[in-house]
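Here's the structure we're looking at; comments come further down.
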Amino acid sequence: MEPVLQFLDVSVSYNPGVYAVRNVSAAIYPHTITAVMGPSGCGKSTLLRAINRMHDLYANIKTTGQI
1068 MEPVLQFLDV
1078 SVSYNPGVYA
1088 VRNVSAAIYP
1098 HTITAVMGPS
1108 GCGKSTLLRA
1118 INRMHDLYAN
1128 IKTTGQI
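Numbered according to the numbering used here, the sequence shown spans residues 1068 to 1134.
Pasting the structure below:
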């Protein structure tokens, strides 16, 4: 099965050299439920904003289907 969303090595930095999210990769498959979980301040919201291109980021994000 091909993922509908795939991102490779997503990194977000608010200050040079200080990363909020660093080198995160994942694939989202159709007909599945995906959760992003972790403690407060670990970068969950930052990661989701980066995937939606609401942050400048260093990444390879690819969509292969309808979301």
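Glycine residues also receive a C-beta, built at the ideal position from the N, C-alpha and C atoms. Treat the numbers as computed from the prediction; the structure is a model and nothing was measured.
Opening and closing residue of the alpha helix (DSSP H) in which residue i lies
i	result
A1117	K1111 to I1118
One or two residues paired with residue i in a DSSP bridge
i	result
N1082	V1085
V1077	V1091
Cβ shell of residue i (< 8 Å), same chain only, five flanking positions each side left out
i	result
I1118	L1072, F1074, V1077 and I1128
Beta-carbon proximity check, residue i vs residue j, cutoff 7 Å
i	j	result
A1093	T1113	no
Residues near residue i in its chain [Cβ-Cβ closer than 6 Å; skip 5 each side]
i	result
P1097	V1071
Spatial neighbours of residue i in its chain, beta-carbon cut-off 7 Å, leaving aside the 5 residues before and after
i	result
G1110	A1087 and V1088
Y1081	A1087
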